[in-house]
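In UniProt numbering, the protein residues as written are 1 to 296.
Here a beta-carbon is modelled for each residue, glycine too, at the ideal position from N, C-alpha and C.
Just below is one structure, and these are the notes that go with it.
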């Protein structure tokens with residue numbers, strides 16, 4: 001029987017931090033592997049990504065990136081800067097944003113060793129690379145800035161954001177940045193930035209606190225932990241086209257072939273949302289408390 005999707009997920013089971021490899025079938029799942037991470041002292045996994053039969057985990061407490069090969073079972077680690085938050089892989093190289101050391105760690109994936117550190121702004125939170133231009137972009141939360149860094153010439157440009165930037169994605173010639181804006185209450189702003197002019201040319205505001213933030217083709221998916229909803233934003237129209245109430249405490253998003261998957265730590269669930277109809281089509285009950293989730 002062919003599964004709907006294969007996912008990697010972190011979570012808590014019987015008080016232990018675990019990494020699970022799951023196959024999803026409708027409203028059910030099979031756990032193919034369960035990796036006990038409780039031996040990692042005080043580990044705090046901020047994010048995970050998958051790449052070429054491996055899962056990579058950023059441990060913001062121990063300042064490490066872990067690599068788990070789900071074919072051979074090898075588990076490796078390498079030390080990076082202080083409080084690593086997010087990872088991006090380009091050309092067999094990993095770039096890691098370090099929130100408390102204000103830099104980007106560069107890891108050679110073939111040896112899984114740190115090769116260099118790129119200075120960045122204050123409170124570096126997220127990082128991506130534009131493959132065509134070989135430009136690296138990183139969010140500097142404390143400075144209301146996105147830094148553009150050439151991997152070829154090392155030249156830099158600075159983009160001022162509307163709000164404190166957390167996450168960012170690329171869509172053609174547009175950089176889309178999720179920021180926080182505090183004015184008595186916390187609001188989330190979605191900045192659409194012109195790469196040529198290095199300026200914001202449109203903003204969408206969400207009341208509440210958005211967390212995870214992904215793009216798939218021309219759609220952006222983000223979850224609001226205040227109103228417990230999944231938002232779908234059309235990049236071309238620059239408008240919210242759907243709000244889907246989830247309840248509980250939505251943690252993380254993964255986008256598959258046909259569905260959007262959202263982990264929910266309060267309900268011990270993964271919710272599946274159909275990408276075409278943008279309606280909930282399955283609710284998968286788990287026997288653990290899920291956190292991060294990514295498609296394998």
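Annotation: the continuous beta strand (DSSP E) that includes residue 243 extends over 239 to 245. When DSSP states are grouped into helix, strand and coil, residue 141 belongs to the helix group. Residue pairing of residue 232 in beta bridges, as defined by DSSP: 221 and 242. Contact between residue 194 and residue 11 fails: their C-beta atoms lie close to 40 Å from each other, not under 8 Å. Comparing alpha-carbon positions, the option among 136, 261 and 239 lying closest to residue 104 turns out to be 136. About 15 Å separates the CB atoms of residue 169 and residue 223; that is not less than 8 Å, and the two are not in contact.
The beta carbon of residue 213 is closer than 6 Å to those of 167, 178 and 222 in its chain, skipping five residues each way along the sequence. Proximity to residue 34 across 117, 232, 9 and 51 peaks at 9, based on C-alpha coordinates. Comparing alpha-carbon positions, the option among 64, 1 and 3 lying closest to residue 114 turns out to be 64. Residue 17 is not a Cβ neighbour of residue 47, given a cutoff of 8 Å. In the structure shown, the three-state DSSP call for residue 120 is coil. Restricting attention to 199, 50 and 187, the CA atom closest to the CA of residue 205 is found in 187.
Your pair residue 189 and residue 162 checks out as a contact, with CB atoms roughly 5 Å apart and the cut at 8 Å.
Within the region 243 to 293, the beta strand (DSSP E) runs of at least 3 residues that lie entirely inside it are, in chain order, 250 to 255, 259 to 264, 269 to 274 and 280 to 285. DSSP places residue 111 outside both helix and strand once states are collapsed to three, so it counts as coil. Scanning its chain for C-beta atoms nearer than 6 Å, with the 5 sequence neighbours on each side dropped, one finds around residue 234 the residues 241, in chain order. Close CB contacts of residue 283 within its chain, under the 7 Å cut and outside five residues either way in sequence, are with 27, 269 and 271 (chain order). Residue 20 is positioned such that its CB atom lies closer than 8 Å to that of residue 31.
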